[in-house]
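Engineer:
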Amino acid sequence: MSRKQRKALIRIICTSALLCAAFFVPKGIISYVLFGAAYLVIGYDILISALRGIFAGQAFDENFLMATATVGAIALGEYAEAVAVMLFYQIGELFQSIALGKSRRSIGELMDLRPDSANITDEKGELRAVPPEQIKVGDVVTVRPGEKIPLDGVVITGSSSLDTSALTGESVPRSVYAGMTVQSGCVNLNGVITVRVTAPYGESTASKILELVENAAARKSRSEKFITKFARYYTPAVCAAALLLAVLPPVAGIVLGDGGRWSLWIYRALSFLVISCPCALVISIPLTFFAAIGGAGRKGILIKGSDYLEKLAGVKCVVFDKTGTLTEGVFEVAEVKPVKITESELLRYAALAESGSTHPIALSLKKAYCKETASAATEITEQAGRGVIATVDGKRIAVGNGKLMYELGVKTCAKGTGTEVFIAADGEYLGSIVISDRVKKSAAGLARELKHNGVYRVAMLTGDRKDEAERTGRELSLDEVKYELLPGDKVSALENIMEKARGYTAFVGDGINDAPVIRRADVGIAMGALGSDAAIEAADAVIMDDDPRKTVTAVKLAKKTMRIVYQNIVFAIGIKALCLVLGAFGITNIWAAIFADVGVMVLAVLNALRAMR
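Encoded structure:
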């Protein structure tokens with residue numbers, strides 16, 4: 104419990120004791136003093152807030168409703184009811200504060216990513232702890248067992264296992280060794296490692312995630328905006344209705360000769376005010392979204408705001424990028440098919456021409472060649488979405504897909520089962536190399552699970568050839584496959600799919616070159632994109648590991664959240680409307696009004712906390 108919560112609990116206990124004592128002493132000055140003391144102990148802050156609101160011109164809030172109702176009850180001599188209204192209201196507020204604190208702690212677990220310090224070696228050769236903000240790119244930091252990786256970097260020496268659960272939600276440790284990249288926020292479990300920093304603290308993975316989480320609460324959903332607007336008009340309206348209830352029936356009674364019975368109708372009006380307090384709605388709806396965002400973060404899914412969570416619940420079509428999202432993105436040379444030259448010569452030409460590229464296919468060619476490729480090729484020209492042209496041994500070597508060969512007027516023989524790379528020298532066809540990429544095990548059954556959760560269409564975008572793309576589509580039971588797309592074509596392909604969708608469309612990509620498509624989708628999801636600034640900035644949600652099945656988790660969580668939101672709206676408005684009508688006709692008293700206010704709020708808050716699971 105926080106200090107504020109402990110103070111509230113002490114006030115509740117003291118008020119309860121004073122109220123009980125007031126019931127057991129004879130009616131008179133002592134009981135009045137006890138009731139008055141109990142009322143001031145439990146309600147002084149509400150009275151002060153109500154007065155401040157009146158002087159600030161913002162009177163119509165729950166403090167005004169509670170203060171007006173209880174002061175009116177005291178004026179009618181209903182001292183016990185006045186204290187009870189304040190007491191149970193404060194119990195409800197304490198309960199709500201504890202619930203909100205629990206939800207904040209789930210967010211706080213993510214906030215624990217922030218490293219306390221970084222170890223650098225000083226001039227004397229000794230380790231010295233400094234704030235991570237002081238570390239520059241290129242500096243070398245030492246990370247000992249049990250410490251957090253302070254900044255993003257590359258391991259220089261040592262090997263260890265890292266606990267990445269704070270980032271990815273996965274409990275399985277990740278092994279790292281020299282040459283591997285590491286992200287800030289991971290915990291070093293065993294060996295000592297030295298890391299060369301590749302990004303300043305402000306641009307590190309931990310900082311980006313913290314900024315994302317901190318900004319999430321600022322983005323309001325349509326439901327939250329509705330509740331805020333509803334409360335703005337609702338509270339003045341019920342105050343006016345209570346005033347009319349207190350005045351019109353007695354006046355009508357006097358006119359008709361039946362007597363005014365002012366105390367009866369004022370009592371009913373006060374009950375009306377207590378019932379009408381919109382706390383259950385105003386508190387539970389934002390709390391539901393807040394709890395859901397925290398729960399998603401614990402599962403390794405960062406959602407940038409409740410508006411995106413609401414959209415995600417309405418997604419009817421999910422579009423995946425292929426490479427690195429549905430497939431492992433680890434390409435291997437499966438077959439070398441030369442024409443007129445040897446396999447080693449064909450592989451050499453391809454690897455040298457691709458020496459300046461970081462594309463996964465280029466990396467697989469260089470890995471298969473197993474020799475140094477630097478400086479062996481000149482005049483390298485990237486052909487976006489098609490391949491590369493370079494000068495090797497005085498020949499213009501073209502390495503790429505069928506589109507590049509067609510543009511160069513080179514006839515090919517495409518008969519591979521994987522991604523096929525064609526090679527030509529000075530316009531003459533030299534052969535092809537088949538590159539294979541495996542479908543992720545976690546992608547199996549993905550389309551079926553999405554459809555089971557309300558998604559009616561699952562599609563894929565890829566730059567691969569038709570036969571390879573369709574093979575992957577059949578393997579994963581996808582509804583639609585768009586193939587042979589250049590990076591610029593993917594946006595228009597997505598827009599074409601969105602036009603046919605019966606609801607929101609989500610796009611899931613690995614973030615390497617998907618930022619424009621992620622931004623264009625109704626809900627853009629970057630998967631395994633911790634190292635991609637562009638993807639994190641463009642995305643509405645970030646899956647922090649490479650598991651496409653977490654798309655299903657995100658959709659299920661969003662739908663569950665919206666169910667809870669609608670349940671709370673219907674429940675709170677329904678119960679209050681019923682009690683307002685009953686109270687106006689005198690069927691219920693102020694004790695029922697207390698339940699209608701505090702009881703409904705407690706039940707709504709309990710329901711809201713289910714979104715964390």
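Sequential numbering from 104 applies to the sequence shown in the working numbering.
For each residue, glycine too, the CB sits at the ideal point set by N, CA and C.
Nothing here was measured: the structure is a model prediction, and the numbers come from that model.
(1) Which residue marks the beginning of the alpha helix (DSSP H) containing residue 119, and which one marks its end?
(2) By how many angstroms is the C-alpha of residue 408 removed from the C-alpha of residue 700?
(3) Which residues does DSSP pair with residue 534 in a beta bridge?
(4) For residue 496, is the classification buried or exposed, using 16 other Cβ atoms within 10 angstroms of its Cβ as the cut-off for buried?
(5) Among 645, 651, 561, whose alpha-carbon lies nearest the alpha-carbon of residue 607?
(6) So what's residue 223 in DSSP terms, helix, strand or just coil?
(7) What ranges does the beta strand (DSSP E) occupy inside the stretch 360 to 445, keeping only unbroken runs of at least 3 residues that lie completely in it?
(8) For my contact list, residue 118 and residue 186 are in at a C-beta cut-off of 8 Å; report their separation, rounded to the angstrom.
(9) Taking residue 246 as part of the beta strand (DSSP E), name the residues at either end of that continuous run.
(10) Using the Cα positions of residue 692 and residue 159, report the straight-line distance between them to the nearest angstrom.
(11) When DSSP labels each residue in this structure, what does residue 596 get in the three-state scheme?
(12) Just tell me which of 526, 384, 527 has its CA closest to the CA of residue 199.
(13) Where does residue 219 land, buried or exposed, given buried means 16+ other C-beta within 10 angstroms?
(14) One question on the structure: do residue 459 and residue 502 come within less than 9 Å of each other, judged by their Cβ atoms?
(15) Looking at the unbroken alpha helix (DSSP H) that takes in residue 679, where does it start and where does it end?
(16) Please go through the same chain and pick out, in chain order, the residues whose beta-carbon is closer than 7 Å to the beta-carbon of residue 596, but skip the five residues on each side of it.
(17) Given residue 233, which residues of its chain have a CB within under 7 Å of its CB, disregarding the five upstream and five downstream residues?
(18) Can you list, in chain order, the residues of its chain whose CB lies under 6 Å from that of residue 440, leaving out five sequence neighbours each side?
(19) If you draw a straight line from the alpha carbon of residue 450 to that of residue 471, how long is it in whole angstroms?
(20) Have a look at 343, 604, 631 and flag the residue whose alpha-carbon is nearest the alpha-carbon of residue 430.
(21) Can you find a CB in chain B that lies within less than 9 Å of the CB of residue 232?
(22) Since residue 570 is in the alpha helix (DSSP H), which residue starts that stretch and which ends it?
(23) Would you decide whether residue 146 is buried or exposed? Buried here means 16 or more other CB atoms lie within 10 Å of its CB.
(24) Tell me the residue span of the alpha helix (DSSP H) that contains residue 712.
(25) Excluding five sequence neighbours on each side, which residues of the same chain lie with their C-beta closer than 8 Å to the C-beta of residue 689?
(26) With DSSP run on the structure shown, which of helix, strand or coil describes residue 608?
(27) Rounded to whole angstroms, how far is the Cβ of residue 259 from the Cβ of residue 300, which I believe are closer than 8 Å?
(28) Can you check whether the CB of residue 379 is closer than 9 Å to the CB of residue 681?
(29) Report the residue from 250, 434, 225 whose alpha carbon sits nearest the alpha carbon of residue 243.
(30) Within 10 Å of its beta-carbon, does residue 484 have 16 or more other beta-carbons around it, so buried, or fewer, so exposed?
(31) Since I believe residue 153 is in contact with residue 170 (beta carbons under 8 Å), could you give me their beta-carbon distance rounded to a whole number of angstroms?
(32) Per DSSP, residue 717 is paired with what?
(33) Using DSSP bridges, identify the partner residues of residue 335.
Structural biologist: Let's see:
(1) By 1-based counting over the sequence shown, the position of residue 119 is 16. Residues 106 to 127.
(2) Here residue 700 refers to the residue found at position 597 when the sequence shown is read from its first residue. Here residue 408 refers to the residue found at position 305 when the sequence shown is read from its first residue. Approximately 29 Å, taken between the alpha carbons.
(3) Here residue 534 is taken as the residue at index 431 of the sequence shown, counted from 1. DSSP lists 441, 526 as the bridge partner or partners of residue 534.
(4) Sequence index remark: in the sequence shown, residue 496 carries index 393 (1-based). With fewer than 16 other Cβ atoms within 10 Å, it is exposed.
(5) To locate residue 607, count along the sequence shown from 1; it is residue 504. Of the candidates 645, 651, 561, the one whose C-alpha sits nearest the C-alpha of residue 607 is 561.
(6) Taking the sequence shown and counting its residues from 1, the one referred to as residue 223 is at position 120. Here residue 223 sits in strand by DSSP.
(7) Counting only runs of 3 or more residues that sit fully inside the stretch 360 to 445, the beta strand (DSSP E) segments are 404 to 406, 418 to 424, 435 to 441, in chain order.
(8) Residue numbering aside, residue 118 sits at position 15 when the sequence shown is read from its first letter. Residue numbering aside, residue 186 sits at position 83 when the sequence shown is read from its first letter. So it is a contact: roughly 7 Å between Cβ atoms.
(9) Position 143 of the sequence shown, counted from the start, is the residue given in the question as residue 246. Residues 243 to 246.
(10) In the sequence shown, residue 692 corresponds to position 589, counting from 1. In the sequence shown, residue 159 corresponds to position 56, counting from 1. Each residue's Cα considered, the two are about 32 Å apart.
(11) Within the sequence shown, the letter at position 493 stands for residue 596. Helix at residue 596.
(12) Counting from 1 along the sequence shown, the entry for residue 199 is found at position 96. For the set 526, 384, 527, the Cα lying nearest the Cα of residue 199 is the one of 384.
(13) Translated into the one-based positions of the sequence shown, residue 219 becomes position 116. Exposed, since its Cβ has fewer than 16 Cβ neighbours within 10 Å.
(14) Within the sequence shown, residue 459 is the residue found at index 356, counting from 1. Within the sequence shown, residue 502 is the residue found at index 399, counting from 1. Not in contact: residue 459 and residue 502 (Cβ atoms no closer than 9 Å).
(15) For this step, residue 679 is matched to residue 576 along the sequence shown. Start and end: 653 to 687.
(16) Against the sequence shown, residue 596 aligns to sequence position 493. Result list for residue 596: 564, 585, 588, in chain order.
(17) Residue 233 sits at position 130 when you count from the first residue of the sequence shown. The beta carbon of residue 233 sits closer than 7 Å to those of 220, 221, 223, all from its chain and outside the five residues before and after it, given in chain order.
(18) By 1-based counting over the sequence shown, the position of residue 440 is 337. Excluding sequence neighbours, residue 440 sits near 534, 535.
(19) Start at 1 with the first residue of the sequence shown, and residue 450 comes out as number 347. Start at 1 with the first residue of the sequence shown, and residue 471 comes out as number 368. Between residue 450 and residue 471, the alpha-carbon positions lie close to 8 Å from each other.
(20) For the purposes of this step, residue 430 is taken as residue 327 along the sequence shown, with counting starting at 1. Here the closest residue by C-alpha is 631.
(21) The chain inventory of the structure shown lacks chain B, comprising one protein chain alone.
(22) In the sequence shown, the residue the question calls residue 570 occupies position 467. Where residue 570 is concerned, the enclosing alpha helix (DSSP H) stretches over 569 to 578.
(23) Residue 146 sits at position 43 when you count from the first residue of the sequence shown. It is buried - the Cβ of residue 146 has at least 16 other Cβ atoms within 10 Å.
(24) Numbered from its first residue, the sequence shown carries residue 712 at position 609. For residue 712, the enclosing alpha helix (DSSP H) starts and ends at 703 to 712.
(25) To locate residue 689, count along the sequence shown from 1; it is residue 586. If we look at residue 689 and ignore the five residues flanking it on each side, its Cβ neighbours are 367, 371.
(26) Position 505 of the sequence shown, counted from the start, is the residue given in the question as residue 608. Residue state, collapsed to three classes: strand.
(27) On the sequence shown, residue 259 is found 156 positions in, with the first residue counted as 1. On the sequence shown, residue 300 is found 197 positions in, with the first residue counted as 1. Contact between residue 259 and residue 300 is absent: CB atoms are separated by about 11 Å, not below the 8 Å threshold.
(28) Against the sequence shown, residue 681 aligns to sequence position 578. Against the sequence shown, residue 379 aligns to sequence position 276. The answer is no: Cβ separation not under 9 Å.
(29) For this step, residue 243 is matched to residue 140 along the sequence shown. Looking at the Cα atoms, 225 is the closest of the given residues.
(30) Along the sequence shown, one-based indexing puts residue 484 at 381. Using a 10 angstroms sphere on the CB of residue 484, the tally of other CB atoms stays under 16, which defines it as exposed.
(31) Translated into positions along the sequence shown, residue 170 becomes position 67. Translated into positions along the sequence shown, residue 153 becomes position 50. Their Cβ separation, rounded to whole angstroms, is 4 Å, which keeps residue 170 and residue 153 in contact under 8 Å.
(32) The question about residue 717 has no answer here: the residues shown for the chain are numbered 104 through 716.
(33) The residue labelled residue 335 in the question sits at position 232 within the sequence shown. In the DSSP output, where bridge partners are listed per residue, residue 335 has none listed.
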